[in-house]
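Everything in the sequence shown is counted per UniProt numbering, starting at 1 for the first residue and increasing by one.
Data first, discussion second: the structure below is written as C-alpha cells.
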Amino acid sequence: MWSGDECAVPRNGTAFAVAAVVCVGVVLSYVPQVVRICWTRSSVGLSPWFLFLGATSSASAMFNVLVLQWPVVRCCPRLGALGCVEQLMGILQVTLQWFMFTLIFALFVVYYVVDDSPLRRRKRRARRAHATERDRLQPPDDEAHESSGSESDLDEIHSHFSQSYGAVSHDVDIRPHETHADRDHSTYFNIPRAMRRILEDYHLPGEEEIHGKTGSTHEWHLGVSLAWITVAHWLFCAAVTAVLIATGARHRVVKHWARFLGITGTLLAVFQYLPQIVHTAP
Numbered sequence: 001m002w003s004g005d006e007c008a009v010p011r012n013g014t015a016f017a018v019a020a021v022v023c024v025g026v027v028l029s030y031v032p033q034v035v036r037i038c039w040t041r042s043s044v045g046l047s048p049w050f051l052f053l054g055a056t057s058s059a060s061a062m063f064n065v066l067v068l069q070w071p072v073v074r075c076c077p078r079l080g081a082l083g084c085v086e087q088l089m090g091i092l093q094v095t096l097q098w099f100m101f102t103l104i105f106a107l108f109v110v111y112y113v114v115d116d117s118p119l120r121r122r123k124r125r126a127r128r129a130h131a132t133e134r135d136r137l138q139p140p141d142d143e144a145h146e147s148s149g150s151e152s153d154l155d156e157i158h159s160h161f162s163q164s165y166g167a168v169s170h171d172v173d174i175r176p177h178e179t180h181a182d183r184d185h186s187t188y189f190n191i192p193r194a195m196r197r198i199l200e201d202y203h204l205p206g207e208e209e210i211h212g213k214t215g216s217t218h219e220w221h222l223g224v225s226l227a228w229i230t231v232a233h234w235l236f237c238a239a240v241t242a243v244l245i246a247t248g249a250r251h252r253v254v255k256h257w258a259r260f261l262g263i264t265g266t267l268l269a270v271f272q273y274l275p276q277i278v279h280t281a282p
C-alpha cells in the first residue's frame, strides 16, 4: 500500500507551463501523419511492426506513470482543480502520446488500400476458361446462319469496333465500390482487346502502385493481427493495474509491476523505429 503524505506537493507555475507546451507538442507531432492518411485515404508506407511497437511501448509507459503517480491522483480532491491538473501533467503527456499513436494505428487499418489485382486476374482467367469450355460444349446455333449476309456483315463490323475500341468486356466485374486498383484497370478498356488482355494477364503496374498507394494483402492481414495483439496488451495492462489499485496492493508488488512496465516500454521503444527504417529503405 502506498505510504507517505504525497499530497504535500508545492506549486510550480514554470513546470506547469513547460508541461503544457510539451503536451501541445506531442499532439502536433502526430497531426501531419493523421492529416496525410485522411487526406490521401491511404496508409500504405507505414510499417505495421513500427505501429505495433509504438502503440505497445506508449501503453506500457502510460500505465507505468499512472501506477507511480496514483497517490497524487488520489490527492486531487484536496488539491483543487488547478492543482490537480498541474500534478497530472505527467500522466497527461504519456496518455496523449499513447492516444495519438493508437489513432494512427487505427487509421492504418481503416485506410490501408489492398492491391487485389492478383485475385482479380485469377478470376478473369477462370471466367475465360469457363466460357471457352462452355462454347466448346455448346452446339452451333442453326438459326444464326439464316440471317441475311448484310445483317451479318453489319453485326460483325459493329462487334469489331465495340470489342476493339472502348467497349467494356463482359467478363470484367464492375463493382459499385471501386478501389484504386480498379480505377487503374479501367484505363485498359480504351485500347484494343488483344493488347488489353496482355496488360490484364501480366498486370503492368499502374499509377497507384508506382506511387506506393496500394499495399499487399499479406501486410494488411499482418497489420490486423498486430492490432488485435495491441488491444489484448492494453487490456492486460489495464486489468492488472486496476486490480493493484483497487485492492490496495503492497508497495513492493506495485513497485515490481511498475518496473516491469517501464522495462518493457523501454525495450519496445528501442526497437520501435527499426521496422519502419527497413520498410522504407527499399
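For every residue, glycine included, the Cβ atom is placed at its ideal position computed from N, Cα and C.
Considering only their Cβ atoms, is the gap separating residue j from residue i smaller than 7 Å?
{"i": "residue 223", "j": "residue 60", "result": "no"}
{"i": "residue 258", "j": "residue 64", "result": "yes"}
{"i": "residue 62", "j": "residue 21", "result": "no"}
{"i": "residue 114", "j": "residue 228", "result": "no"}
{"i": "residue 23", "j": "residue 107", "result": "no"}
{"i": "residue 97", "j": "residue 18", "result": "no"}
{"i": "residue 47", "j": "residue 279", "result": "yes"}
Could you compute how far the alpha carbon of residue i sits from the alpha carbon of residue j?
{"i": "residue 238", "j": "residue 11", "result": "30 Å"}
{"i": "residue 74", "j": "residue 42", "result": "43 Å"}
{"i": "residue 241", "j": "residue 217", "result": "36 Å"}
{"i": "residue 283", "j": "residue 251", "result": "Given a span of 1 to 282 for the chain in the structure shown, any question on residue 283 remains unanswerable."}
{"i": "residue 14", "j": "residue 86", "result": "10 Å"}
{"i": "residue 112", "j": "residue 255", "result": "40 Å"}
{"i": "residue 45", "j": "residue 88", "result": "35 Å"}
{"i": "residue 231", "j": "residue 83", "result": "33 Å"}
{"i": "residue 233", "j": "residue 260", "result": "13 Å"}
{"i": "residue 40", "j": "residue 225", "result": "24 Å"}
{"i": "residue 281", "j": "residue 35", "result": "23 Å"}
{"i": "residue 69", "j": "residue 110", "result": "35 Å"}
{"i": "residue 90", "j": "residue 58", "result": "13 Å"}
{"i": "residue 253", "j": "residue 236", "result": "17 Å"}
{"i": "residue 243", "j": "residue 105", "result": "28 Å"}
{"i": "residue 262", "j": "residue 248", "result": "20 Å"}
{"i": "residue 271", "j": "residue 33", "result": "20 Å"}
{"i": "residue 31", "j": "residue 245", "result": "33 Å"}
{"i": "residue 267", "j": "residue 16", "result": "29 Å"}
Would you mind sorting residue i into buried or exposed? The rule is 16 or more other CB atoms within 10 Å of its CB.
{"i": "residue 37", "result": "buried"}
{"i": "residue 67", "result": "buried"}
{"i": "residue 55", "result": "buried"}
{"i": "residue 181", "result": "Residue confidence is low: residue 181 scores 46 on pLDDT, short of 50, so the model does not pin down where it sits. No coordinate-derived value is stated."}
I need the DSSP call for residue i, collapsed to helix, strand or coil.
{"i": "residue 330", "result": "Beyond the ends of the chain as shown, which are 1 and 282, falls residue 330; an answer cannot be given."}
{"i": "residue 254", "result": "helix"}
{"i": "residue 114", "result": "strand"}
{"i": "residue 248", "result": "coil"}
{"i": "residue 269", "result": "helix"}
{"i": "residue 12", "result": "coil"}
{"i": "residue 87", "result": "helix"}
{"i": "residue 216", "result": "coil"}
{"i": "residue 276", "result": "helix"}
{"i": "residue 281", "result": "coil"}
{"i": "residue 41", "result": "coil"}
{"i": "residue 237", "result": "helix"}
{"i": "residue 69", "result": "coil"}
{"i": "residue 295", "result": "Shown here, the chain extends from 1 to 282; a query on residue 295 therefore has no answer."}
{"i": "residue 148", "result": "Note that residue 148 scores 48 on pLDDT, short of 50, meaning its location in the model is unreliable and no value can be drawn from it."}
{"i": "residue 76", "result": "helix"}
{"i": "residue 17", "result": "helix"}
Does the beta carbon of residue i fall short of 6 Å from some heavy atom of the ligand ADP?
{"i": "residue 108", "result": "Summarising the ligand content, the structure contains no ligands, and the ligand ADP is consequently not present."}
Return no unless some Cβ of chain D is closer than 7 Å to the Cβ of residue i.
{"i": "residue 64", "result": "Note that chain D does not occur in the displayed structure, where there is just one protein chain."}
- Task: Decide yes or no for the touch test of the region 260-278 against the region 73-87: beta carbon pairs closer than 8 Å, at least 3 of them.
- Result: They do not touch, by the three-pair rule.
- Say whether the region 85-101 touches the region 43-56, bearing in mind that this needs 3 or more beta-carbon pairs closer than 8 Å, one atom from each stretch. Yes, the region 85-101 touches the region 43-56.
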